[in-house]
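Notes follow the structure.
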Amino acid sequence: MNRSLKLDGKPGMLNYKQLYYFWNVAKAGSITRAAEQLHLTPQTISGQLAELERSLGADLFRRTGRRLELTPAGEMANEHAREIFQIGNELEQTLKRGSTEQSFRVGVADAVPKSIAYQLLAPAIALADPVRLICYEDKLERLFAELAIHKLDLVIADQPLPSELGVKAFNHSLGYCDIALYAVPELAARYRKGFPQSLNDAPFLLLGDKVAMQAGLQRWFQEQDIRPRIVGQFDDSALMKAFGRAGAGVFPAPAIMEEEIQKQQGAELIGHIKSVVVNYYAISVERRLSHPAVLAVSAAARESVFAKRVL
199 MNRSLKLDGK PGMLNYKQLY YFWNVAKAGS ITRAAEQLHL TPQTISGQLA
249 ELERSLGADL FRRTGRRLEL TPAGEMANEH AREIFQIGNE LEQTLKRGST
299 EQSFRVGVAD AVPKSIAYQL LAPAIALADP VRLICYEDKL ERLFAELAIH
349 KLDLVIADQP LPSELGVKAF NHSLGYCDIA LYAVPELAAR YRKGFPQSLN
399 DAPFLLLGDK VAMQAGLQRW FQEQDIRPRI VGQFDDSALM KAFGRAGAGV
449 FPAPAIMEEE IQKQQGAELI GHIKSVVVNY YAISVERRLS HPAVLAVSAA
499 ARESVFAKRV L
């Protein structure tokens, strides 16, 4: 069934005041609480919500006890409402400042170390023509979906965009380096001697199976006939390093982070694995990079971040 949105009887127009009331109810969890925050009566908001649901042709809430919960349609509407009012707020603030500042929306795969992401993105906010960096961290699948509908200008990832996803975007290599193994001084001293065979039955902290580095490590273990004792596996590299800092086991990281890991994690280098390389990509809808902020990211990768890669 085709249900058109209406405002004052005009098809195809959404009533944003009603959407704003809905968004506040979704955040507050109840009409009464939202009414207090908006300085309106509950009856006013109830009536506006009913009108919005009629115009959309879908129920947005279901009642669970005293609390309102979003239906699947409500979840979708809430996601769009959040984006709409965020963009509206950005527009208002930009116009008030009289600035020509533009937003630069970047998705960073959760497997990319935060310090590397920072080094790549920092030049983008130092451009002569200012941009406001809006950075999201998420799983690659969700970031690719956002890129496909142009909600992101760029995705920084540790693996290229798979062709089978059908997303029209392009992979631009930022650089690469080998990986290294680290541990607190006591463990590092124990396993550095006789590396790599000394790692047999060593306690290991590893990343999740979907992280590109992990597949290379598993192959290397098989090639070296090493059977590590895996004591923990993590989706988040920062959490893995926190366990490593506490002495829970040996952990891998890009070799270009060696100085940082020694300072921040109190860990020492055990050895490099030169046959396992981690690659980083800038993925954009542009075949040829032209966005000034994206060009700044690419230049930072080439001239500083990966200029002294260890191989």
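Under the numbering used here, the first residue of the sequence shown is numbered 199, with each subsequent residue one higher. Every residue gets a Cβ at the ideal spot worked out from N, C-alpha and C, and that includes glycine.
Item, Value
"Give the secondary structure of V409 by DSSP, where H, G and I count as helix, E and B as strand, and everything else as coil.", "coil"
"Report the option in G469, Q462, V304, V483 whose CA atom is closest to the CA atom of A436.", "Q462"
"Between which residues of its own chain and G227 is the CB-CB distance below 8 Å, once the five residues before and five after are set aside?", "R265, L266"
"For the beta strand (DSSP E) containing G430, name the first residue and the last one.", "427-432"
"Alpha carbon to alpha carbon, how far is Y214 from G272? Give it in angstroms, no decimals.", "15 Å"
"To which residues does DSSP link E335 through a beta bridge?", "V306"
"Apply the 10 Å Cβ neighbour rule to K439 and answer buried if 16 or more other Cβ atoms are within range, or exposed otherwise.", "buried"
"Could you give the DSSP three-state label for R485: helix, strand or coil?", "coil"
"Less than 7 Å between the beta carbons of Q246 and Y219, yes or no?", "yes"
"On a CA-only basis, which of A233, W418, L363, V409 is nearest V474? Give me that one, please.", "W418"
"For R340, tell me which candidate among A322, L359, I332, F402 has the shortest Cα-Cα distance.", "L359"
"Applying the 10 Å Cβ sphere with the 16-neighbour rule, what's the burial state of P383?", "exposed"
"Let's see if you can read the secondary structure: which residues bound the beta strand (DSSP E) around L247?", "First-last for L247: 240-254, but that is the alpha helix (DSSP H), not the beta strand (DSSP E)."
"Please determine, among I285, K366, S313, the residue with the shortest C-alpha to C-alpha distance to R330.", "I285"
"Using the rule of at least 16 other Cβ atoms within 10 Å of the residue's Cβ for burial, across every protein chain shown, is E421 buried or exposed?", "exposed"
"Going by beta carbon distance, what residues of the same chain come within less than 8 Å of T239, once the five residues before and after it are set aside?", "A233"
"Does the beta-carbon distance from S488 to L352 come in below 7 Å?", "no"
"DSSP on A505, reduced to helix/strand/coil?", "coil"
"DSSP three-state call for N287: helix, strand or coil?", "helix"
"Helix, strand or coil for R417 per DSSP?", "helix"
"What three-state label does DSSP hand I377 in the structure shown?", "strand"
"Tell me the residue span of the beta strand (DSSP E) that contains A498.", "Not the beta strand (DSSP E): A498 falls in the alpha helix (DSSP H), residues 490-498."
"From F504 to L212, what does the alpha carbon distance come to, in whole angstroms?", "48 Å"
"With a 10 Å radius around its C-beta and 16 neighbouring C-beta atoms as the bar for buried, classify S361 as buried or exposed.", "exposed"
"Can you tell me whether DSSP reads I424 as helix, strand or coil?", "coil"
"Using the three-state DSSP reduction, which class does V476 fall into: helix, strand or coil?", "strand"
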